[in-house]
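Counting with our numbering, you get residues 34 to 383 for the letters of the sequence shown.
We put the beta carbon where it would ideally sit given N, CA and C, even for glycine.
No experiment lies behind these values; they were computed from the predicted model shown.
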Amino acid sequence: TRIRVVSGDEKKDNLIYEEAKEILNNGGLVAFPTETVYGLGGDALDANASKKIYAAKGRPSDNPLIVHIADLDALYKLSVEVPEKALALAKKFWPGPMTMILKKSDIVPSATTGGLETVAIRMPSHKVANRLIAQSGVYIAAPSANTSGKPSPTRAEHVINDLSGKIDMIIQDDTVDIGLESSIIDLSEEIPTILRPGYITKKDFEEVIGEVRIDPAIVGEVKPGVKPKAPGMKYKHYAPNAEITIVEGDTKKVVDYINEEIKKADELGKKTAVMATDETKSCYGHEHVYVLGSREDELSIAKNLYKVLRDFDKDGIEVVYSESFDSADVGQAIMNRLIKAAGHKLVKVD
Ligand code: TXA
Ligand code: MG
34 TRIRVVSGDE KKDNLIYEEA KEILNNGGLV AFPTETVYGL GGDALDANAS
84 KKIYAAKGRP SDNPLIVHIA DLDALYKLSV EVPEKALALA KKFWPGPMTM
134 ILKKSDIVPS ATTGGLETVA IRMPSHKVAN RLIAQSGVYI AAPSANTSGK
184 PSPTRAEHVI NDLSGKIDMI IQDDTVDIGL ESSIIDLSEE IPTILRPGYI
234 TKKDFEEVIG EVRIDPAIVG EVKPGVKPKA PGMKYKHYAP NAEITIVEGD
284 TKKVVDYINE EIKKADELGK KTAVMATDET KSCYGHEHVY VLGSREDELS
334 IAKNLYKVLR DFDKDGIEVV YSESFDSADV GQAIMNRLIK AAGHKLVKVD
């Protein structure tokens with residue numbers, strides 16, 4: 034696996050993009066940064082490239098990929114029907130951290146869409162992603178560049194740990210900004226439905242297109258027999274090896290509960306940790322307090338979450354107690370990822 038570090042000098046970097054173009058046009062795989070997380074890219078119209086992506090990630094082949102584009106024309110090539118609402122959202126939020134589900138056109142192979150008749154499309158705003166797509170001249174199918182089941186990568190180091198030796202190239206530029214995957218909205222049916230919460234919230238969508246629903250699978254546990262609409266949402270995702278419990282309720286009670294439970298786990302000889310915030314970090318008399326960021330700045334928490342989840346593995350942590358996040362804004366996306374990382378282990382202490 035070739036690792037190429039972006040310098041920021043447009044001319045000098047040209048070689049990197051030319052090399053990536055060559056790889057993508059020959060059915061190979063290139064990992065690259067976006068404004069959300071690193072993606073693992075291949076030619077979206079090449080069924081074999083998509084198969085390679087699934088293989089490299091160890092991802093089930095019924096979990097469809099997002100097709101990344103660099104201009105609006107592509108939207109009409111990949112989809113047979115672009116509703117007015119989709120166009121309104123594209124104009125407002127693209128390039129940016131939004132993925133839209135639309136009815137697919139014939140050029141999109143079913144290997145890319147996991148056998149579905151719809152396709153997920155996103156136009157990223159990250160400079161490297163955008164130039165890679167434009168200069169390569171291919172639509173790039175890209176899931177997050179992690180081993181399936183691991184937290185999504187927000188740094189090149191994470192991609193290297195998971196995929197080195199399995200893909201052709203990694204473009205390194207650690208300027209990933211948001212740290213959580215794009216918001217996904219399904220526009221292939223009557224009422225637009227959010228399938229995955231992200232930086233762009235329900236309120237943001239509703240300001241542009243009116244009523245928007247949230248897929249029930251996002252909030253509750255996915256019950257057997259009930260199929261979530263984004264197939265990816267059914268897998269235990271984003272998970273480190275440690276067993277995580279999220280504790281919800283009044284701050285003082287949460288802190289007391291966590292201190293007590295950690296003490297018990299310590300006595301059992303477990304390697305334990307607390308996941309906390311700037312506001313509460315001093316309340317835990319414990320040597321392993323991992324600080325996500327400040328509650329005053331939820332974006333800082335979003336940005337650090339996956340790195341901290343990976344750090345637990347690196348540090349051999351076995352048991353984690355975490356505070357919860359429940360605001361209507363990015364907090365919802367943070368909580369959605371955290372609940373999955375915890376395998377739905379949530380305790381209320383009110
Ligand atoms: O921010 C992102 O979206 C990142 C970067 C690389 O762009 N990509 C990403 O891809 O998170 P991935 O594969 O990790 O997540 C794609 C999600 C999965 O949950 C998948 O099931 C859903 O999108 N999805 C893809 N195509 C779909 C479709 N046609 N219908 C419903 N859900 C779909
Ligand atoms: Mg993923």
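A direct Cα-to-Cα measurement between G60 and L220 gives close to 30 Å. If you compare the alpha carbons of K314, A175, I350 with that of D79, the shortest gap goes to A175. At least one heavy atom of the ligand TXA is found less than 8 Å from the C-beta of V70. Judged by DSSP secondary structure, Y271 falls outside any alpha helix (DSSP H); it is assigned neither H nor E. Boundaries of the beta strand (DSSP E) harbouring H101: 99–101, taken from the DSSP string.
Looking only at S185, K124, V171, the smallest Cα-Cα distance to K336 is reached by S185. Inclusion of S181 and A144 in the CB contact set at 9 Å is not warranted, their separation being larger than that value. Counting along the chain, the unbroken alpha helix (DSSP H) around Y290 starts and ends at 284–300. Distance from the Cα of V161 is smallest, within the candidate group V39, S355, F238, for V39. In this structure, L62 is the residue among K373, K303, L62 with its C-alpha nearest to the C-alpha of V171.
In this structure I233 touches M131 by the C-beta definition: roughly 5 Å separates them, less than 8 Å. Restricted to the region 231–255, not a single beta strand (DSSP E) segment is unbroken, complete and at least 3 residues in length. H377 and K303 have their C-alpha atoms some 21 Å from each other. The beta carbons of K118 and I242 sit about 4 Å from each other, so the pair counts as a contact at 8 Å.
Put simply, of A123, G72, S357, N179 the residue whose alpha carbon is nearest the alpha carbon of V288 is S357. The criterion of a C-beta distance shorter than 9 Å is not satisfied by V100 and A53.
Secondary structure remark: continuous alpha helix (DSSP H) runs of at least 4 residues inside the region 45–99, in chain order: 80–90.
Per DSSP, I211 lies in no beta strand (DSSP E) segment and is marked neither H nor E. Boundaries of the alpha helix (DSSP H) harbouring A366: 363–374, taken from the DSSP string. In the same chain as Y71, and ignoring 5 residues on each side of it, the C-beta atoms closer than 6 Å to its own belong to A64, A178, P186, V192, in chain order. The C-alpha of D139 is placed about 41 Å away from the C-alpha of I334. In the structure shown, V171 falls within a coil segment according to DSSP collapsed to helix, strand and coil. Between the alpha carbons of H319 and S355 lies a distance of about 13 Å.
Straight through space, the alpha carbons of L111 and V141 are spaced by roughly 7 Å.
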